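Just below is one structure, and these are the notes that go with it.
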Amino acid sequence: MNKLLQMIALVAVVFALVASAALADTSDLEWNSIEVNGHDVEYSEDGTADEMIAVEEGETLEVEVGLEALADVEDVEVEIEISGYEYDDYQDLEDESHLFDMESGTTKYVDLEIDLPVQLDKDEYYLRIRVTDKNSVSLEQIVRLYVEPSRNGIEIEDVMLSPGSTVEAGHSLLATVELQNYGSNDEEDVKITIGVDELGISSYDTIDVLEANEDSESVSYETTEELFLSIPDCAAAGVYSLDVTVEYDEYESTTNSYSLTVTDGDYCTEGDEDEERLVLAVGPESQEVDAGEQAVYAIALSNEGTSSESYTLSVSVGSEDLSTSLSESLVVLDASESGVVYAYVSADAEASEGDYPVTILVENDGKTIETISLTLEVEAGSEEAASEEGVSLRNGLEIALIVLVVLLVIVGLIIGFSRLRGSEDEEQTYY
Numbered sequence: 185m186n187k188l189l190q191m192i193a194l195v196a197v198v199f200a201l202v203a204s205a206a207l208a209d210t211s212d213l214e215w216n217s218i219e220v221n222g223h224d225v226e227y228s229e230d231g232t233a234d235e236m237i238a239v240e241e242g243e244t245l246e247v248e249v250g251l252e253a254l255a256d257v258e259d260v261e262v263e264i265e266i267s268g269y270e271y272d273d274y275q276d277l278e279d280e281s282h283l284f285d286m287e288s289g290t291t292k293y294v295d296l297e298i299d300l301p302v303q304l305d306k307d308e309y310y311l312r313i314r315v316t317d318k319n320s321v322s323l324e325q326i327v328r329l330y331v332e333p334s335r336n337g338i339e340i341e342d343v344m345l346s347p348g349s350t351v352e353a354g355h356s357l358l359a360t361v362e363l364q365n366y367g368s369n370d371e372e373d374v375k376i377t378i379g380v381d382e383l384g385i386s387s388y389d390t391i392d393v394l395e396a397n398e399d400s401e402s403v404s405y406e407t408t409e410e411l412f413l414s415i416p417d418c419a420a421a422g423v424y425s426l427d428v429t430v431e432y433d434e435y436e437s438t439t440n441s442y443s444l445t446v447t448d449g450d451y452c453t454e455g456d457e458d459e460e461r462l463v464l465a466v467g468p469e470s471q472e473v474d475a476g477e478q479a480v481y482a483i484a485l486s487n488e489g490t491s492s493e494s495y496t497l498s499v500s501v502g503s504e505d506l507s508t509s510l511s512e513s514l515v516v517l518d519a520s521e522s523g524v525v526y527a528y529v530s531a532d533a534e535a536s537e538g539d540y541p542v543t544i545l546v547e548n549d550g551k552t553i554e555t556i557s558l559t560l561e562v563e564a565g566s567e568e569a570a571s572e573e574g575v576s577l578r579n580g581l582e583i584a585l586i587v588l589v590v591l592l593v594i595v596g597l598i599i600g601f602s603r604l605r606g607s608e609d610e611e612q613t614y615y
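Per my numbering, the very first residue in the sequence shown carries number 185; after that it's consecutive.
Laid out in structure tokens, this is it:
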């Protein structure tokens with residue numbers, strides 16, 4: 185009998201120790217403050233909130249919890265949650281902190297937030313704030329919320345991309361954006377901008393009026409015109425952030441970000457990474473002169489890059505019987521500007537008959553970007569050579585003019601084809 189009483193007494197002592205430990209853990213933390221959207225929440229002596237805080241659907245609920253440690257505490261976690269949302273199984277209205285430790289006598293403030301859905305019914309809700317440590321002993325407090333309809337509110341409901349969320353460099357991306365007005369007011373002059381900041385591209389559209397529905401239980405939708413983005417020819421392959429921003433009601437805005445995958449395209453050539461592109465044309469590449477005459481080669485240059493560039497030209501021949509000169513050796517061209525340089529190659533009166541190689545080098549920033557190989561055929565001189573020299577020069581200038589015209593046509597075709605690069609017609613929708 186005595187042993188039985190001793191056993192019962194021992195069990196009672198163990199339970200008492202566990203209970204006292206639990207009470208000690210509970211008292212290790214105390215509420216210091218609770219703020220909702222920057223406003224202190226006051227509580228009466230029985231622990232109930234003195235006020236009901238009004239919030240709007242679609243807004244972000246910002247909660248700051250202040251805790252004071254009366255003893256050293258480990259693995260503390262703060263959680264906030266709103267219950268009663270009809271679609272809670274698809275979108276949880278909750279947030280929680282990472283685990284943290286607190287030393288005795290310190291105070292810690294934890295910031296959490298919950299995005300209130302636009303479909304949240306006009307009603308009263310409880311915001312539950314829980315604090316736990318590794319022993320699962322918790323503190324809990326309730327904040328009463330009253331959700332009201334928003335006067336002004338726009339949400340990005342959907343974004344449709346063509347050809348989809350993956351596009352080749354050098355191709356185009358088309359996007360349409362669907363908006364919903366969940367506020368009670370019509371919105372005027374709504375601006376929608378899409379862009380990829382890393383690629384330096386953007387496009388925008390405006391909606392004159394986005395009407396609000398008279399029925400408070402529904403929302404009004406509107407879709408933008410197609411927004412066009414041209415992916416640069418030499419955009420690096422990778423995943424980029426496609427940002428969609430809507431500006432409304434003078435100072436309000438909302439932004440959603442989506443992933444856009446860019447793959448290598450077929451339009452980037454060596455040198456395009458620096459957005460440099462030189463188009464050259466030479467005519468004619470082979471000329472025939474008599475000894476003692478001069479040939480003229482016209483080199484047409486067109487800078488199809490996006491910035492001003494300087495080009496250095498030099499000409500060389502494979503014989504001492506020939507002499508060379510250039511109309512200019514340094515050419516500076518602005519973006520989309522063209523110019524013509526003339527290379528003069530003269531054959532001595534005693535030059536031997538035969539074919540002579542002529543080489544023209546074009547350099548940019550100290551690097552050779554083009555090597556032009558030409559041919560000069562020298563024949564025996566005649567009495568008419570001197571009189572025909574002027575004719576040869578005039579013919580060369582005429583040829584250069586023709587080459588320049590042809591070059592401009594080619595450049596026009598290049599620009600035209602680059603603008604006509606199409607994409608497939610399939611579409612992808614984001615939800």
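Ideal Cβ placement from N, Cα and C applies to all residues, glycine included.
As the structure is a computational prediction, the values presented were derived from the model and not from experiment.
Helix, strand or coil at residue i according to DSSP, with G and I counted as helix
i           : result
residue 304 : coil
residue 279 : strand
residue 254 : coil
residue 272 : coil
residue 238 : strand
residue 415 : coil
residue 287 : coil
residue 467 : strand
residue 432 : strand
residue 318 : coil
residue 409 : coil
residue 332 : strand
residue 232 : coil
residue 299 : strand
residue 246 : strand
residue 293 : strand
residue 450 : coil
residue 175 : The first residue shown for the chain is 185 and the last is 615, placing residue 175 beyond what the model contains.
residue 349 : coil
residue 204 : Summary for residue 204: the model assigns pLDDT 39, below 50, so the residue's position carries little reliability, and this model does not support an answer.
Residue i, buried or exposed, once every other Cβ within 10 Å from all chains shown has been counted against 16
i           : result
residue 282 : exposed
residue 408 : buried
residue 371 : buried
residue 216 : exposed
residue 473 : buried
residue 426 : buried
residue 256 : exposed
residue 531 : buried
residue 457 : Low local confidence applies: a pLDDT of 47 at residue 457 is under 50, so the model's placement there is unreliable, and no value is given.
residue 273 : exposed
residue 435 : exposed
residue 246 : exposed
residue 324 : exposed
residue 551 : exposed
residue 493 : buried
residue 617 : Given a span of 185 to 615 for the chain in the structure shown, any question on residue 617 remains unanswerable.
residue 309 : buried
residue 306 : exposed
residue 254 : exposed
residue 471 : buried
residue 352 : buried
residue 234 : exposed
Opposing strand residues paired with residue i [DSSP bridges]
i           : result
residue 616 : Residue 616 falls outside the range modelled here, since the chain spans only 185 to 615, and no answer is possible.
residue 223 : 220
residue 338 : 365
residue 312 : 265, 326
residue 438 : 430
residue 392 : BP columns for residue 392 are empty, so no partner.
Any non-hydrogen atom of the ligand HEM within 7 Å of residue i CB
i           : result
residue 319 : As presented, the structure is devoid of all ligands, the ligand HEM included, so that no description of it is given.
Contact between the segment 438-454 and the segment 472-492 (3+ Cβ pairs under 8 Å): no
Uninterrupted beta strand (DSSP E) stretches inside the segment 474-561 (no shorter than 3 residues): 478-487, 493-501, 506-510, 514-517, 522-531, 538-548
Cβ contact (3+ pairs, closer than 8 Å) linking the segment 230-243 and the segment 327-340: yes
Complete runs of the beta strand (DSSP E) confined to the segment 351-390 [at least 3 residues]: 356-365, 371-380
Three-pair Cβ contact test at 8 Å for the segment 295-310 versus the segment 351-362: no
Three or more C-beta pairs below 8 Å linking the segment 365-381 and the segment 460-470: no
Segment contact, 8 Å Cβ cut-off, at least three pairs: the segment 532-542 with the segment 501-508: yes
At least 3 beta-carbon pairs within less than 8 Å: the segment 488-495 vs the segment 508-523: yes
Cβ contact check for the segment 405-423 and the segment 308-318: 3 or more pairs under 8 Å: no
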